[in-house]
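Listed in order, the protein sequences are those of chains A and B. This note's numbering applies: residue 64 is where the first sequence begins, and numbers increase by one. This note's numbering applies: residue 77 is where the second sequence begins, and numbers increase by one. Idealized CB from N, CA, C, for every residue including glycine. This structure is a prediction, so every number in the text was calculated from the model and none was measured. Written out below as structure tokens is the structure these notes cover.
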Amino acid sequence: MSGIVLATVATTIAVAGANASANHSLTSTAAKSFVLADAGGFTGFCAPYDLPALNGIKLAADQINAKGGLLGKYPIKVVARDTRSDPVVTLTTTKELLSSIHPNFVFGACASDVNIPQAQAVRKAGIPFIGDNAEVALPKAVPGTFTSTIATNVEAGAVAAWARAHGYKTAYIMGSPDATFVLELAKYFKAAFIHDGGKVIGEDTFKVGAEDYSTQVTKIANLKPKPDVIYNGAFQPDSVTFMKQLRAAGVKTPVLFSDSQEAPATRTAGGKAMQGVVFPTHGLLKPGTPYAAFCKAYTKKFHKACDTVFIAIGGDIVKMIQAAVNKAHSIDPAKVQNALVNLVDVPAITSHITYKGTGGWPKKDVYFVKIVGDKLVPIGTEKANSFYIPPP
Amino acid sequence: MNTTEIVQQIINALALGSIYALLALGLAIVFSVMGVINFAHGELVTIAGYVMFVLTEHGVSWWAIMPAAVIAAALSAVAMERIAFRPVRGASVTTMLITSFAVSSFLQGCFLVFISPRPEPVPTPNWMNENLQIGSFQIQNVQLATAGVTAVALFLLVNYFKRFRSGIAMRAAAEDFETTRLMGARANRLFPAAFALSGALAGIAAIFWVGRLGTVEPTLGLDPVLKAFIATVIGGFGSLPGAVVGGFVLGGLEVGFAAFLPGSVLDFQTAFVLACVIGLFLIRPQGLIPAATVERA
Numbered sequence: 064m065s066g067i068v069l070a071t072v073a074t075t076i077a078v079a080g081a082n083a084s085a086n087h088s089l090t091s092t093a094a095k096s097f098v099l100a101d102a103g104g105f106t107g108f109c110a111p112y113d114l115p116a117l118n119g120i121k122l123a124a125d126q127i128n129a130k131g132g133l134l135g136k137y138p139i140k141v142v143a144r145d146t147r148s149d150p151v152v153t154l155t156t157t158k159e160l161l162s163s164i165h166p167n168f169v170f171g172a173c174a175s176d177v178n179i180p181q182a183q184a185v186r187k188a189g190i191p192f193i194g195d196n197a198e199v200a201l202p203k204a205v206p207g208t209f210t211s212t213i214a215t216n217v218e219a220g221a222v223a224a225w226a227r228a229h230g231y232k233t234a235y236i237m238g239s240p241d242a243t244f245v246l247e248l249a250k251y252f253k254a255a256f257i258h259d260g261g262k263v264i265g266e267d268t269f270k271v272g273a274e275d276y277s278t279q280v281t282k283i284a285n286l287k288p289k290p291d292v293i294y295n296g297a298f299q300p301d302s303v304t305f306m307k308q309l310r311a312a313g314v315k316t317p318v319l320f321s322d323s324q325e326a327p328a329t330r331t332a333g334g335k336a337m338q339g340v341v342f343p344t345h346g347l348l349k350p351g352t353p354y355a356a357f358c359k360a361y362t363k364k365f366h367k368a369c370d371t372v373f374i375a376i377g378g379d380i381v382k383m384i385q386a387a388v389n390k391a392h393s394i395d396p397a398k399v400q401n402a403l404v405n406l407v408d409v410p411a412i413t414s415h416i417t418y419k420g421t422g423g424w425p426k427k428d429v430y431f432v433k434i435v436g437d438k439l440v441p442i443g444t445e446k447a448n449s450f451y452i453p454p455p
Numbered sequence: 077m078n079t080t081e082i083v084q085q086i087i088n089a090l091a092l093g094s095i096y097a098l099l100a101l102g103l104a105i106v107f108s109v110m111g112v113i114n115f116a117h118g119e120l121v122t123i124a125g126y127v128m129f130v131l132t133e134h135g136v137s138w139w140a141i142m143p144a145a146v147i148a149a150a151l152s153a154v155a156m157e158r159i160a161f162r163p164v165r166g167a168s169v170t171t172m173l174i175t176s177f178a179v180s181s182f183l184q185g186c187f188l189v190f191i192s193p194r195p196e197p198v199p200t201p202n203w204m205n206e207n208l209q210i211g212s213f214q215i216q217n218v219q220l221a222t223a224g225v226t227a228v229a230l231f232l233l234v235n236y237f238k239r240f241r242s243g244i245a246m247r248a249a250a251e252d253f254e255t256t257r258l259m260g261a262r263a264n265r266l267f268p269a270a271f272a273l274s275g276a277l278a279g280i281a282a283i284f285w286v287g288r289l290g291t292v293e294p295t296l297g298l299d300p301v302l303k304a305f306i307a308t309v310i311g312g313f314g315s316l317p318g319a320v321v322g323g324f325v326l327g328g329l330e331v332g333f334a335a336f337l338p339g340s341v342l343d344f345q346t347a348f349v350l351a352c353v354i355g356l357f358l359i360r361p362q363g364l365i366p367a368a369t370v371e372r373a
């Protein structure tokens with residue numbers, strides 16, 4: 064029995080340590096501060112996206128607070144809680160935050176599979192909510208909520224337009240029922256590619272997180288005729304595993320992926336197999352841009368490389384909040400919500416962003432990058448509203 | 077679907093089954109002496125993965141990384157036995173099961189705190205990502221290596237179980253642990269030996285598992301232990317040959333349904349696999365090759 068006690072105590076210490084490393088203190092909030100609750104998955108599958116976004120939020124909040132805060136008088140207080148990328152933990156943690164710290168705003172977890180119940184609880188409390196996700200399932204299921212990144216239908220539409228513009232006439236599509244993000248991307252890419260005059264010659268599914276794609280790769284290798292391009296909505300590490308097996312099987316067909324390939328591990332782990340892979344992203348790190356300045360400040364503050372665009376996405380969120388508060392002349396949640404819905408062309412970190420008339424996702428340009436060595440090389444931009452977007 | 081593709085899918089199934097067999101065998105060895113499924117087995121795969129990550133970061137050769145990963149997993153398994161399982165030896169199956177979950181949870185917490193919540197890259201050598209062309213068939217080197225290493229590991233294990241005293245004792249324990257102890261087998265040697273063997277197999281499986289994924293993260297071990305558990309159940313709890321057969325059956329079912337199901341029902345491939353497993357239990361409740369006496373846990 065002592066073994067159990069020992070193991071349980073040790074587990075508790077370790078897990079508590081994990082939470083403590085990601086959390087801020089929940090001690091009493093200042094009376095006149097804007098409380099921004101970030102209830103994201105800082106561990107688990109959301110970590111590659113939610114953890115950088117949290118750091119971006121902290122940095123942007125510090126920058127605004129250095130000038131007196133929102134409206135020059137309300138400092139932003141960031142309260143972060145790790146929800147472990149688990150829907151149940153996410154919901155219970157969020158409810159606890161809502162009742163204990165009474166936030167003015169909640170930034171949620173990375174996937175609609177996780178954050179829809181969270182968003183429902185937040186909106187029921189009358190608090191504005193932006194999820195760190197792209198699935199249109201969120202604003203569809205919980206009206207009045209927003210996604211932080213370009214929506215799946217917008218992203219897929221942009222990729223389809225890019226593919227057609229680069230001469231790809233036929234496509235093979237990989238999707239998965241395991242994750243709404245991957246499922247939606249495959250569905251919307253198919254709709255957009257066909258709308259843009261392309262032909263889909265085959266589709267297949269895979270299990271998210273699988274260690275083996277040899278079955279799917281064998282099917283692709285035996286396709287006759289071969290597709291011009293393969294579209295795969297997978298996120299890492301699935302993308303790396305798939306590409307390694309695809310290239311090992313001698314298939315040289317170009318592959319387009321989702322935006323989730325930003326994490327540095329994707330480039331390093333994929334080695335030769337990931338070379339030449341193209342995917343859309345949310346911002347381009349060019350000298351002289353707000354993104355570049357933000358990255359420089361990030362490295363100075365955290366002593367880390369600014370190695371993923373999701374850091375800047377965190378900065379975007381704070382910029383959108385600032386714009387909404389400025390428009391509302393108030394930090395009252397209901398007024399901020401009304402202002403968010405009507406934001407137009409806000410100069411954020413990655414791009415200018417519009418929420419008005421979009422249905423809950425940011426209208427912005429979609430950038431394309433190619434993996435070359437261990438770098439992401441910009442190769443083009445699909446301007447907002449310049450391509451067909453399948454209806455959600 | 078042409079003949080080439082069918083044969084290629086059979087090769088895929090055998091390669092996948094090889095990894096599952098390695099994992100299931102490791103799980104079954106500990107079950108044979110302890111009488112419980114060690115759900116912390118997956119964390120041994122993760123430990124081996126992190127060893128591979130650290131060594132690749134320092135530019136160590138893969139010929140050194142591979143044995144290091146196996147040794148690290150084996151030593152971790154022995155430590156696991158000594159620290160967590162020895163104090164509860166002789167306790168109820170439920171107690172040991174909870175201990176295994178606690179160890180698993182504790183190790184995952186350690187990976188999160190002391191390493192990183194984000195996936196870490198484990199770049200594999202080029203030879204692993206290339207393929208061998210035999211006629212019109214392509215066998216990926218990693219598939220070939222997996223099958224080959226599994227075959228060698230099984231050959232060595234069979235000899236170990238037949239020729240070595242501790243191996244014979246382990247085999248006997250799988251049949252009847254209490255009688256084996258009465259015959260003079262020392263539990264304090266048998267248990268660490270079983271864990272070391274189990275850990276070594278987890279380390280070998282990790283080389284190919286992580287080699288395919290290319291990354292390691294704190295929860296990496298969940299999927300391998302789940303596959304190993306299902307394979308062990310298919311083969312029959314406590315049965316070492318059953319674990320191997322179960323691994324190949326599971327690999328065959330997964331690849332078979334993914335390859336041959338029509339597109340309209342392809343989303344249900346996992347459901348079809350599990351339905352087959354349930355169907356198997358209706359026909360053979362004790363698994364394909366059950367051990368002589370087992371207490372289910």
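Asked                                                                                                                               : Found
G265 of chain A in three-state terms, based on DSSP                                                                                 : strand
Cβ of K438 of chain A within 8 Å of any chain B Cβ                                                                                  : no
The segment 330 to 338 of chain B touching the segment 89 to 106 of chain B, judged by at least three CB pairs closer than 8 Å      : yes
Neighbour-count burial assignment, Q216 of chain B, 16 or more Cβ in a 10 Å radius                                                  : buried
Burial state of N118 of chain A, where buried means 16 or more other Cβ atoms lie within 10 Å                                       : buried
is_contact[P268 of chain B, chain A] using C-beta, thresh 8 Å                                                                       : no
Short-range partners of chain B found in the segment 264 to 286 of chain A, where Cβ spacing is below 9 Å                           : G265, E266, D267, T268, F269, K270, G272, A273, E274, D275, Y276, S277, T278, Q279, V280, T281, K282, A284 and N285
L99 of chain A, enclosing beta strand (DSSP E) - first and last residue                                                             : F97 to G103
Simplified DSSP state of S65 of chain A, which is helix, strand or coil                                                             : Only weak support exists for where S65 of chain A lies, its pLDDT of 46 falling under 50; the coordinates are left without a value.
Pair within 8 Å by beta-carbon distance, A304 of chain B and A153 of chain B                                                        : no
Beta-carbon proximity check, A174 of chain A vs E198 of chain A, cutoff 8 Å                                                         : yes
Segment limits, alpha helix (DSSP H) that includes T153 of chain A                                                                  : P150 to S163
Extent of the continuous beta strand (DSSP E) run through T344 of chain A                                                           : V341 to T344
R310 of chain A: contacting residues in chain B (beta-carbon distance under 8 Å)                                                    : N205
Check: Q214 of chain B C-beta below 7 Å from any heavy atom of the ligand GDP                                                       : Only the bare structure without any ligand can be found here, which leaves the ligand GDP out of the picture.
Chain A residues whose Cβ lies nearer than 8 Å to that of R288 of chain B                                                           : E274, D275, T304, K307 and Q308
From A:A402, A:N285 and A:I434, residue whose alpha carbon lies closest to that of I190 of chain A                                  : A:A402
Cross-strand partners of I210 of chain B (DSSP beta bridge)                                                                         : B:F213
Closer than 8 Å to chain A by CB, T291 of chain B                                                                                   : yes
Chain A contact residues for P338 of chain B, given Cβ-Cβ distances below 9 Å                                                       : Those do not exist, as P338 of chain B stays about 12 Å from chain A at its closest Cβ, beyond 9 Å.
Whole-number beta carbon distance between F252 of chain A and V222 of chain A, since they are thought to touch under 8 Å            : 6 Å
Neighbour flag for N88 of chain B against chain A, beta carbons, 8 Å                                                                : yes
Inter-stretch contact (C-beta, 8 Å, three-pair minimum) for the segment 276 to 289 of chain A and the segment 228 to 241 of chain A : yes
Buried versus exposed, by CB contacts within 10 Å (16 or more), A282 of chain B                                                     : buried
Short CB-CB distance (under 8 Å) between A368 of chain A and chain B                                                                : no
Three-state secondary structure assigned by DSSP to T417 of chain A                                                                 : strand
Contact with chain A by T222 of chain B, beta-carbon distance below 8 Å                                                             : no
Contact with chain C by E81 of chain B, beta-carbon distance below 8 Å                                                              : No chain C appears in the structure shown, which is made up of the protein chains A and B.
Enclosing beta strand (DSSP E) for P441 of chain A [first to last residue]                                                          : K438 to E445
Cβ of L117 of chain A within 8 Å of any chain B Cβ                                                                                  : no
Contact residues within the segment 342 to 357 of chain B, judged by C-beta distance below 7 Å to chain A                           : L342, D343 and T346
Cβ-based contacts, 8 Å cut-off: residues of the segment 156 to 174 of chain B near chain A                                          : I159, A160, F161, R162, P163, V164, A167, T171 and I174
Reduced DSSP secondary structure (H/G/I, E/B, other) of H87 of chain A                                                              : At H87 of chain A, the pLDDT of 41 sits below 50, so the modelled position is not reliable and the matter cannot be decided from this model.
Residues near S176 of chain B by beta carbon distance below 6 Å, same chain, minus five either side                                 : N114, F115 and A116
Listed by chain order, chain A residues near W138 of chain B by CB distance under 8 Å                                               : None at all; the shortest Cβ gap to chain A is about 13 Å.
Classification of W203 of chain B by the beta-carbon crowding that lies within 10 angstroms, buried from 16 upward                  : exposed
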